[in-house]
Amino acid sequence: MKIGCHLSASGGYLAMAQTAVSIGANVFQFFTRNPRGGAAKPIDKGDVAAFLEFAEANGIGPILAHAPYTLNAAGAETRVREFAESVMADDLERLEHTPGAMYNFHPGSHVGQGAEAGIGLISSMLSRILSKKPFRTTVLLETMSGKGSEVGRNFEEIRAIIDATDAPLGVCLDTCHVWDGGYDIVNDLGGVLAEFDRIVGLGRLKAIHLNDSMNVLGAHKDRHEKIGKGKIGLDALMRVVNHPKLKDLPFYLETPCDLQGYRDEIALIKKMSDSN
Ligand SMILES: [Zn+2]
Ligand SMILES: [Zn+2]
Numbered sequence: 252m253k254i255g256c257h258l259s260a261s262g263g264y265l266a267m268a269q270t271a272v273s274i275g276a277n278v279f280q281f282f283t284r285n286p287r288g289g290a291a292k293p294i295d296k297g298d299v300a301a302f303l304e305f306a307e308a309n310g311i312g313p314i315l316a317h318a319p320y321t322l323n324a325a326g327a328e329t330r331v332r333e334f335a336e337s338v339m340a341d342d343l344e345r346l347e348h349t350p351g352a353m354y355n356f357h358p359g360s361h362v363g364q365g366a367e368a369g370i371g372l373i374s375s376m377l378s379r380i381l382s383k384k385p386f387r388t389t390v391l392l393e394t395m396s397g398k399g400s401e402v403g404r405n406f407e408e409i410r411a412i413i414d415a416t417d418a419p420l421g422v423c424l425d426t427c428h429v430w431d432g433g434y435d436i437v438n439d440l441g442g443v444l445a446e447f448d449r450i451v452g453l454g455r456l457k458a459i460h461l462n463d464s465m466n467v468l469g470a471h472k473d474r475h476e477k478i479g480k481g482k483i484g485l486d487a488l489m490r491v492v493n494h495p496k497l498k499d500l501p502f503y504l505e506t507p508c509d510l511q512g513y514r515d516e517i518a519l520i521k522k523m524s525d526s527n
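Note that our numbering has the sequence shown beginning at 252, numbered continuously upward.
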C-alpha cells in the first residue's frame, strides 16, 4: 500500500524521502512554501536529482505538494486573488522538476460573496493558470469541512468547480473534512463513496488525507486528531484504507503527530491493512 504523512520541507526533497523511508512511509506530503505564504526557496537542482534517484530506488511516490493555507482564489479583494494566482502558477512551475507529483489546494473561502461567486473565481483562476502550458503535475481540489465560508464543503461544490474549469482536475478526499462536512463515513462508507462517484466520479479521486477528527459528524470544524483517538475511530479509518475502491490510492496522514507518532501510525495501519 501507499502510505505516508506530511513532512517538513525544510531540509529539501532528498531529506524528506529519507525521512519517509525511516518511518516506513513510501509517499509523503509537504508544503510548497511556508503555510502562511511567502516566498518559496529556490529549487536546488542537485537536491532534486538526488531525490529522484533515491525515490526511484526506494519506490517513493507519488509525492503530494500542498499549497499554503493563505492561498484564497475566492477572496473578495483583487490583491488576495492575485497572490493566490501567482503562488499557484509559481508552485506548478517549480513542480515541473519533480514529475509525477500532485498538487493539492484548498479551493478557497468566498468570504460572504456566496459559494457560486467563489466557485466562479476559483475555476477562472484555475483555467487561466492551467491553459498557460500543459503542466505535468495533477492539480487536486481538497474536500473541505465547510468551516466559515469554505468552498468545497460538499461534493456538489467540488463538481461545480470541476465543471467550470477549462482543464482536468483531480480530487483529494480528507476523511476528517468530509466527516466534519456531514458525510457519515463511519456508518455508511459505501453510501458516501457511491454519492461521491455519482456527483464527482471516483475516477477523479487521486489521494486520501487520512485523519481522525476531534469533532462529531457535521461539526464543520476541521480539527484533525490522531488515528483511532477521534470521533471517526480506527475501525472506520481501516475500512477506508481497505475499501476495494480506495485501497490502491496513496494515503497521507495529517494527524497531530511527531515523527515517532507517524511511524507508529504507519506501522499500525500497515499491520491492519488487508494488503499486508
Ligand atoms: Zn489541506
Ligand atoms: Zn487535508
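For glycine and all other residues, C-beta sits at the position ideal for the given N, C-alpha and C.
Indicate whether residue i and residue j have their beta-carbon atoms separated by less than 8 Å.
| i | j | result |
| --- | --- | --- |
| L265 | F281 | no |
| E476 | D463 | yes |
| A327 | D342 | no |
| D417 | S378 | yes |
| M465 | G481 | yes |
| L372 | A411 | no |
| M395 | H428 | yes |
| A458 | C508 | no |
| R284 | Y320 | no |
| K398 | H460 | no |
| P419 | L392 | no |
| G421 | V390 | yes |
Return the chain-ordered list of same chain residues with a C-beta closer than 8 Å to the C-beta of residue i, the five sequence neighbours on each side being excluded.
| i | result |
| --- | --- |
| V278 | K253, I254, G255, A271, I311, G312, P313, I314, L315, P501, F502, Y503 |
| G363 | A327, S400 |
My output table needs one value for residue i: the three-state DSSP class, helix, strand or coil.
| i | result |
| --- | --- |
| Q269 | helix |
| L372 | helix |
| K477 | coil |
| A458 | strand |
| T426 | helix |
| S464 | strand |
| V547 | In the structure as shown, the chain starts at 252 and stops at 527, and residue 547 therefore has no counterpart that could be examined. |
| Y513 | helix |
| Y434 | coil |
| K292 | coil |
Less than 8 Å between CB atoms is the rule here; does residue i satisfy it with respect to chain C?
| i | result |
| --- | --- |
| T321 | Judged by its chain identifiers, the structure shown contains no chain C, having just a single protein chain. |
Ligand 2 and residue i: does the residue's C-beta get closer than 7 Å to at least one heavy atom of that ligand?
| i | result |
| --- | --- |
| E516 | no |
| H348 | no |
| E505 | yes |
| D463 | no |
| D425 | yes |
| H361 | no |
| H471 | no |
| E460 | The residue you asked about is not Glu; residue 460 is His in the sequence shown. H460: yes, Cβ under 7 Å from ligand 2. |
| H428 | yes |
Might you give, ordered along the chain, the residues of its own chain that have their beta carbon closer than 6 Å to the beta carbon of residue i, omitting 5 neighbours on each side?
| i | result |
| --- | --- |
| T388 | L343, L346, A352, Y354 |
| L554 | The structure shown does not extend to residue 554, since the chain is modelled only from 252 through 527, so no value can be given for it. |
| Y434 | V443 |
To which residues of the same chain is residue i closer than 7 Å at the C-beta, ignoring the five residues directly before and after it?
| i | result |
| --- | --- |
| K496 | L444, L453 |
### Query
Can you list every residue whose CB sits closer than 6 Å to some heavy atom of ligand 1, going in chain order?
H317, H357, E393
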